[in-house]
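Colleague: Each residue of the sequence shown is one higher than the one before, starting from 127 at the first, in our numbering. Ideal placement from N, C-alpha and C gives every residue a C-beta, glycine not left out.
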Amino acid sequence: MEQAAVRGFNAFILHLKKSVIMFGKTKAFSSFSVNDLQQAKNFYQETLGIEVVSAGKEPVITLKIAGIPSVWIYEKPDHTPATFTVLNFQVSNVEEAVDQLTAKGVKFQQYEGELKTDEKGIFRGGGPVIAWFADPAGNILSVVEEG
């Protein structure tokens, strides 16, 4: 009886190994919600300069960002802003990016403690140079220096 159970278990494991989908070679994309899709479209397209594609009748927009698969943004009436960074933009110079976005009305997050930011909202210690800001729905985004 025990040997039959072991053979059955081994056959089951072999079946799982053959049937499990592996994602190492598949395409993937990120998505997050907002409370006002038109406001998000304007922000990402006009303020950040990203190509935005509408998905017809669906309450979804797609961000076309160089070097990565698309990012979907969907409208959710009971949206709660993410409390973590949902999208990072790599830039060659964070300070220049902060200055340009500030000129367009973007407000950068100010943090104290371990992630203390300077007067511009730039974190310059113990890791990459980075500055965080929010989209109109309150989701946290960042500009982070390459390198």
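Expressed to the nearest angstrom, what Euclidean distance is found between the alpha-carbon atoms of Ala154 and Glu271?
Modeller: Counting from 1 along the sequence shown, the entry for residue 154 is found at position 28. Counting from 1 along the sequence shown, the entry for residue 271 is found at position 145. Cα to Cα, the separation comes out at about 24 Å.
Colleague: Excluding the 5 residues flanking Thr211 on each side, which residues of the same chain have their C-beta closer than 6 Å to its C-beta?
Modeller: In the sequence shown, the residue the question calls residue 211 occupies position 85. Ile266 and Ser268, listed in sequence order.
Colleague: Under DSSP, the alpha helix (DSSP H) around Leu227 begins and ends at which residues?
Modeller: Looking up residue 227 in the sequence shown gives position 101. Start and end: Val220 to Ala229.
Colleague: According to DSSP, what are the bridge partners of Tyr170?
Modeller: Taking the sequence shown and counting its residues from 1, one reaches residue 170 at position 44. According to DSSP, Tyr170 bridges with nothing at all.
Colleague: How should Asp261 be labelled, buried or exposed, when 16 other C-beta atoms within 10 angstroms of its C-beta is the threshold for buried?
Modeller: Locating residue 261 in the sequence shown gives position 135, where the first residue counts as 1. Asp261 should be labelled buried.
Colleague: Quick one: is Glu177 near chain D, going by C-beta distance under 8 Å?
Modeller: Looking for chain D here will not work: only one protein chain is present.
Colleague: Can the beta-carbon of Gly264 be found closer than 8 Å to that of Pro203?
Modeller: Working through the sequence shown from its first residue, we reach residue 264 at position 138. Working through the sequence shown from its first residue, we reach residue 203 at position 77. Their beta carbons are not under 8 Å apart, which means Gly264 does not touch Pro203 by this criterion.
Colleague: Give a yes or no on contact between the region 242 to 255 and the region 184 to 199, applying the rule of three or more CB pairs nearer than 8 Å.
Modeller: no
Colleague: Who are Glu271's beta bridge partners in DSSP?
Modeller: By one-based count along the sequence shown, residue 271 stands at place 145. DSSP lists Val217 as partners of Glu271.
Colleague: Let me confirm a value: Gly247 is counted as buried when at least 16 other C-beta atoms fall within 10 Å, else exposed. Which label applies?
Modeller: Indexing the sequence shown from 1 puts residue 247 at position 121. So Gly247 ends up on the buried side.
Colleague: Mind reading off the beta-carbon distance from Val178 to Leu189? Whole number of angstroms is fine, and I expect it under 8 Å.
Modeller: Residue numbering aside, residue 178 sits at position 52 when the sequence shown is read from its first letter. Residue numbering aside, residue 189 sits at position 63 when the sequence shown is read from its first letter. Under the criterion of beta carbons closer than 8 Å, Val178 and Leu189 qualify as touching, at roughly 6 Å.
Colleague: Could you check whether Lys233 and Phe259 sit closer than 8 Å to each other, using their CB atoms as the reference points?
Modeller: Along the sequence shown, one-based indexing puts residue 259 at 133. Along the sequence shown, one-based indexing puts residue 233 at 107. In this structure, Lys233 lies closer than 8 Å to Phe259 by Cβ.
Colleague: Check Glu240 in the structure and name its three-state DSSP category.
Modeller: As a working mapping, residue 240 is identified with position 114 in the sequence shown. Glu240 falls in the helix class under three-state DSSP.
Colleague: Between Phe169, Thr173, Gly150 and Asn161, which has its C-alpha nearest Gln226's C-alpha?
Modeller: Here residue 226 is taken as the residue at index 100 of the sequence shown, counted from 1. The option with the nearest alpha carbon to Gln226 is Thr173.
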